[in-house]
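Working notes for the structure below.
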Amino acid sequence: MNAATSPLAPGASRVSGTPMVEMRDICISFGGIRAVDDVSVDLYPGEVVGLLGHNGAGKSTLIKILAGAYRPDAGEIRIKGEKADIANPRDAKRYGIETIYQTLALADNVDAAANLFLGRELMTPWGTLDDVAMEAATREVMGRLNPNFRKFKEPVRGLSGGQRQSVAIARAIHFNAKILIMDEPTAALGPQETAQVAELIKQLKAEGIAIFLISHDIHDVFDLADRVSVMKNGKLVGTARTSDVTKDEVLGMIILGKSPPGALAGPGAATD
Amino acid sequence: MTDTTTTSTPIPAAPPPGSPASRPGSAPASAPTSFIGALEIDVRFLGMLGALAVIWVVFDILAGGTFLTARNLWNLSVQSSSIAVMSTGMVLVIVMRHIDLSVGSILGVTGMIMAVFQVGTLLPTFGFNHPAVIVLTLAAGICAGAAIGALHGFVIAYLGVPAFIVTLGGLLVWRGAAWAVAEGKTIPLVDDNFKLLGGGANGSVGEMWSWVIAVIACLAIAAAAVQARRQRQRFHFPQKPVWAEFVIVITGCLAVIAATLVVNAYTLPPVLARRYAEAAGLTVPPEGISISFGFAIPVLVALAVGIVMTFVTNRTRFGRYVFAIGGNPEAADLAGINTKRVTLAVFALMGALAAIGAAISTARLNSATNAQGTLDELYVIAAAVIGGTSLAGGSGTIAGAMLGALVMQSLQSGMVLMRVDTPYQNIVVGIVLVFAVWIDTVYRKRIK
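Going line by line, the protein sequences match chains A and B.
Mapping the first sequence onto full-length UniProt numbering, position 127 (from 1) lands on 127, and the numbers just tick up by one.
Mapping the second sequence onto full-length UniProt numbering, position 431 (from 1) lands on 431, and the numbers just tick up by one.
Here it is in structure tokens:
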């Protein structure tokens, strides 16, 4: 899996084979503003790619296209080398793409199990909700993520930020995701919980899951990511292996849009 | 009608009333958190029951002991039925952060459609009192109501027009349509089977069947408790203490029995009873005969609707989606729920329930008029809101809304007994509505 190959094409890395995800020349506009402009990124099995950029750089929008929340105006998505048609979140989930949104996207008025299985409820043979089975599964997955969690019967409104985050993460990993999108997964967390999430990411990566890790903060992702792709003003500044660049160089990509020598420049790289 | 609450409480998975009492002493693993969750529902519901009890007692005192009579309570239950049926649908509409201002007009037009269809088409085809008449009348009304609701839902969900505007338009359109169906004429209903839906002496099930229903209800309450317990045992989840279960089941059964005793205590006047008995071929003893009304059929219809709607809300995917959408529409979308289709279905369901309400109220009046159901939308919304449905969306219960309908009707009928003029009744009802919602707002803030 980790056979060394030289970076020949944009996005190529030491991980060889067919990429799990390829997003090619993706464009999307909202009311005349190009939120994502000709961006190409890819992701290999067992790899963590950090997607970096300022707030408003277009990271979340790009990722929402992969998650099926938006349809791109142009460009194509390939999953395992095959062209994928992702029209809605349901399609994305069918391809094994699970997403932890920055907003967590939890229905506050229902409990953890209802959120975990939202849209994919377990049913009894009589076609009714199997709440007990869902609660059992929730207890199991939450037991792994957050062993102290007890509020299974409470609407998630009553949970702390970290608990809500773990419900959102539980939802993403419970359904055997192959591709995991984590949009600012540690934004609501304290240092200890952040470390837990980092540990979880390493564990999931070891299981061969491909992970997009989105953040506006380089420190969150630099140590975890195999590669980083940097966006600025909707354009791709460049993609680099974290072993080939320094944090300062990546900061330069984020702030100035300058692609360093160790990175492959994208269309959004500053030209001088 | 007190049993509205008791027959439908066993359905929710959360522990019904009685659990507050079970707090001290019972401390199985992880119980405290689930208790808080359970208490939230129960405290509100118990509070409403308490408010209803206060209203009843106060009216009984003010109206010189005429309120808490079997006859008045029986009438109250019948008068609440139509609004109670519609309020169950309004809960789902409001939970989804919408509103439906057109239910009164839908009631008017579907009542008219049923009457015209029955008198103009069904009777000539099948003949007088043929069983097909009631079935087809109801089917036509419910289909028409569902179609009207679905049309509203389509415009709201797929064309993006706010529900307030669509149903405000619907209020005018369908009221006008009710007039147009029969050019303003009042259509008398003639099918005797259909008239049973309105209650009255014939539209009640009598003493024996009332007890049969009561026994079935008690068994259902017990079975629901056992079933819930067994389910949780299957996965070794923490259980409620056994004595708490007993308290709940016994309280529920006592409420059912009390309601049955009340409706059976309301008897036909002696003259009518004699005539009825003679018509039924019974021998009348010299000291006269006592014939009980028992549960009125519209009340049983309302209870059945309440149970079905509680089931739909708590045990089906559809109900889960309605609540999830109300809690966070964007999250529901991202979870892959077809929110537009659910919206359309909720409004279609509301329309169908308005048609059932129309069947009850036209049968009660023995005729359909084009003014029928005027202002009902406001009573239905008020019932849902008094019953604890939050206008912010995402929370509400069917049982609560039905209890709200009973509260509204109690206020009205209490004031009638006190001979308060209609304008003053409206003033009181309006103030109570605002007051109830204020109390609820304060309560919600404190819970947070």
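Note that CB positions come from ideal geometry on N, CA and C, so glycine has one too.
* In the DSSP assignment, find the unbroken beta strand (DSSP E) run with K235/A in it and report its ends. => Counting from 1 along the first sequence, the entry for residue 235/A is found at position 235. Start and end: K235 to R241.
* For M134/A and E121/A, believed in contact at Cβ under 8 Å, the rounded distance -> Along the first sequence, one-based indexing puts residue 121/A at 121. Along the first sequence, one-based indexing puts residue 134/A at 134. Rounded, the Cβ-Cβ distance is 7 Å, consistent with contact.
* Quick one: which chain B residues come within Cβ less than 8 Å of K93/A? -> Along the first sequence, one-based indexing puts residue 93/A at 93. Correct list: G336.
* **Where Q79/B falls, given that 16 or more other Cβ within 10 Å makes a residue buried** => Here the question's residue 79/B lines up with position 79 in the second sequence. Answer is buried; the Cβ neighbour count reaches 16.
* Assigned secondary structure, P185/A (DSSP; H/G/I helix, E/B strand, else coil) -> Along the first sequence, one-based indexing puts residue 185/A at 185. P185/A: coil per DSSP, three-state reduction.
* To do: Run through the region 116-204 of chain A for me and flag every whole beta strand (DSSP E) of 3 or more residues, listed as ranges in chain order.
  => 179-183
* Examine the Cβ distances between the region 73-90 of chain B and the region 352-367 of chain B and report whether three or more of them are shorter than 8 Å. => yes
* Please classify M231/A: does DSSP put it in a helix, a strand, or coil? => Along the first sequence, one-based indexing puts residue 231/A at 231. M231/A: strand per DSSP, three-state reduction.
* Apart from the five residues just before and just after G288/B, which ones in its own chain have a Cβ nearer than 6 Å to its Cβ? -> As a position in the second sequence, residue 288/B is number 288, starting the count at 1. For G288/B, where only same-chain residues beyond five positions count, the Cβ hits under 6 Å are P270.
* In whole angstroms, what is the alpha-carbon distance linking Q102/A and A368/B? -> Translated into positions along the first sequence, residue 102/A becomes position 102. Translated into positions along the second sequence, residue 368/B becomes position 368. Straight-line Cα distance between these residues: approximately 55 Å.
* Supposed close pair I187/B, V85/B - CB separation, criterion 8 Å -> By 1-based counting over the second sequence, the position of residue 187/B is 187. By 1-based counting over the second sequence, the position of residue 85/B is 85. Actually they are not in contact, since the Cβ atoms of I187/B and V85/B sit about 21 Å apart, beyond 8 Å.
* **Limits of the unbroken alpha helix (DSSP H) element including S87/B** => As a first step, residue 87/B is located in the second sequence; it is residue number 87 there, counting from the start. A70 to V95 is the span of the alpha helix (DSSP H), which, as asked, contains S87/B.
* Should A371/B and G387/B be called a contact, given that it needs their Cβ atoms to be closer than 8 Å? -> As a first step, residue 371/B must be located in the second sequence, where it is residue number 371. As a first step, residue 387/B must be located in the second sequence, where it is residue number 387. Result no, Cβ atoms of A371/B and G387/B do not sit closer than 8 Å.
* Partner residues on chain A for E330/B, Cβ-Cβ distance less than 7 Å -> Position 330 of the second sequence, counting from 1, holds the residue named residue 330/B. Those are A105, listed as they occur along chain A.
* **CB contact below 8 Å: A270/A versus chain B** => The sequence position of residue 270/A within the first sequence is 270, counting from 1. By this cut-off, A270/A is not an interface position.
* Contained alpha helix (DSSP H) runs [length at least 4] in the region 368-419 of chain B, N- to C-terminal order -> 376-386 and 398-417
* Please look up how many angstroms separate the CB atoms of M112/B and D100/B, rounded, as I've assumed it's under 8 Å. => For this step, residue 112/B is matched to residue 112 along the second sequence. For this step, residue 100/B is matched to residue 100 along the second sequence. No, M112/B and D100/B are not in contact; Cβ-Cβ is about 19 Å, not under 8 Å.
* Asked: Of all Cβ atoms in chain B, is any one closer than 8 Å to the Cβ of P19/A?
  -> Position 19 of the first sequence, counted from the first residue, corresponds to residue 19/A. No, because no Cβ of chain B sits closer than 8 Å to the Cβ of P19/A.
* Where K247/A falls: helix, strand or coil (DSSP) -> Residue numbering aside, residue 247/A sits at position 247 when the first sequence is read from its first letter. It is helical.
* Please classify M48/B: is it buried, with 16 or more other beta-carbons within 10 angstroms of its beta-carbon, or exposed? => On the second sequence, position 48 is the one that residue 48/B refers to. Under this definition M48/B is a buried residue.
* Hey, does residue 284/A have any beta-carbon neighbour from chain B nearer than 8 Å? -> The requested residue 284/A does not occur in the structure, where chain A is confined to residues 1 to 272.
* To do: Kindly say whether Q231/B, judged by its beta-carbon, lies nearer than 8 Å to any beta-carbon of chain A.
  => Here residue 231/B refers to the residue found at position 231 when the second sequence is read from its first residue. It does; some Cβ of chain A falls within 8 Å.
* Among the residues of its own chain, which have a CB less than 7 Å from the CB of G184/B, if the five just before and after it don't count? -> Numbered from 1 along the second sequence, position 184 holds the residue referred to as residue 184/B. These residues qualify, in order along the chain: N370.
* **Residues that D111/A bridges to, as DSSP identifies them** => Locating residue 111/A in the first sequence gives position 111, counting from the first residue. Note: D111/A sits in a beta bridge opposite P155/A.
* Whole runs of the alpha helix (DSSP H) within the region 304-357 of chain B, excluding any shorter than 4 residues -> 317-327 and 329-334
* Asked: Residues in its own chain within less than 6 Å of A188/A by CB, not counting five upstream and five downstream?
  -> Counting from 1 along the first sequence, the entry for residue 188/A is found at position 188. Around A188/A: G161 and Q165.
* Asked: Are L204/A and L224/A closer than 8 Å when you measure CB to CB?
  -> Position 204 of the first sequence, counting from 1, holds the residue named residue 204/A. Position 224 of the first sequence, counting from 1, holds the residue named residue 224/A. No; because the gap between Cβ atoms is not below 8 Å, this pair is not in contact.
* Is V442/B closer than 8 Å to M408/B when the C-beta atoms are compared? -> Locating residue 408/B in the second sequence gives position 408, where the first residue counts as 1. Locating residue 442/B in the second sequence gives position 442, where the first residue counts as 1. In this structure, V442/B does not lie closer than 8 Å to M408/B by Cβ.
* Asked: At least one CB of chain B closer than 8 Å to the CB of residue 273/A: is that the case?
  -> Chain A is shown only over 1 to 272; residue 273/A falls outside these bounds and no answer can be derived.
* Would you identify the three-state DSSP class for S292/B, choosing helix, strand or coil? => To locate residue 292/B, count along the second sequence from 1; it is residue 292. Strand at S292/B.
* To do: Kindly indicate which three-state DSSP category R71/A falls into: helix, strand or coil?
  => Taking the first sequence and counting its residues from 1, the one referred to as residue 71/A is at position 71. In the structure shown, R71/A sits in coil (DSSP, three-state: anything other than H, G, I, E or B).
* Coarse secondary structure for G17/A, derived from DSSP in three states -> Counting from 1 along the first sequence, the entry for residue 17/A is found at position 17. Looking at G17/A - three-state DSSP - the assignment turns out to be coil, as it is neither helix nor strand.
* Asked: Within 8 Å (strictly less), CB to CB, does A324/B reach chain A?
  -> By one-based count along the second sequence, residue 324/B stands at place 324. Chain A contact via Cβ: present.
* Asked: Of the residues R44/B, N72/B and G108/B, which one's Cα is nearest the Cα of W56/B?
  -> Locating residue 56/B in the second sequence gives position 56, counting from the first residue. Per the Cα distances, N72/B.
* Note down, in chain order, each residue of its chain lying with its Cβ closer than 6 Å to the Cβ of residue 495/B, except the 5 sequence neighbours on either side. => Outside the modelled stretch of chain B, which goes from 1 to 448, sits residue 495/B, for which no answer is possible.
* Look up V36/A in the DSSP assignment and say whether it is helix, strand or coil. => Here residue 36/A corresponds to residue number 36 of the first sequence, with the count starting at 1. It is a strand residue.
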